[in-house]
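> For the sequence shown, this note's numbering assigns the number 1 to the initial residue and increments by one for each residue that follows. Built from N, CA and C at the ideal position, the CB exists for glycine as well. Small disclaimer: the values here were computed from a predicted structure and weren't measured. This is the structure, below, for whatever I ask next.
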Amino acid sequence: MALIACPECRQSVSDMAPACPRCGYPVAGSPRSARGVDGGVVGKAVGAIGGWLIVPWIARMVAMAMFCIVLTVMFLKGRG
Numbered sequence: 001m002a003l004i005a006c007p008e009c010r011q012s013v014s015d016m017a018p019a020c021p022r023c024g025y026p027v028a029g030s031p032r033s034a035r036g037v038d039g040g041v042v043g044k045a046v047g048a049i050g051g052w053l054i055v056p057w058i059a060r061m062v063a064m065a066m067f068c069i070v071l072t073v074m075f076l077k078g079r080g
């Protein structure tokens, strides 16, 4: 971590800072912005993983409900 001069106001700014704390000027070539993870990418990944885990569970529940309904109908028709 090093201190660099802000291109706008010439105040010392950490090279890890996304912007100058005095004037708000974005620090060019900030390592944090280069290494940071985009929030949209994280949201898409979480959505995909959640869908991958939830959809089979829902499908099993629907199949089990249909199985119970079929068994109930078969049992009631066999008795009547």
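(1) Given a threshold of 16 other Cβ atoms within 10 Å of its Cβ, counted over all protein chains shown, does Ser33 qualify as buried or as exposed?
(2) Does Val104 pass the burial test, meaning 16 or more other C-beta atoms within 10 Å, or should it be called exposed?
(3) I'd like to confirm the pairing. Which residues does DSSP put opposite Leu3 in its beta bridges?
(4) Do you know offhand how far Pro21's Cα is from Met1's?
Here's the rundown:
(1) The pLDDT assigned to Ser33 is 46, lower than 50, so where the model puts this residue is not dependable, and the model offers no usable value.
(2) Nothing can be reported for residue 104: it is not among the residues displayed for the chain, which extend from 1 to 80.
(3) Ser14
(4) 16 Å
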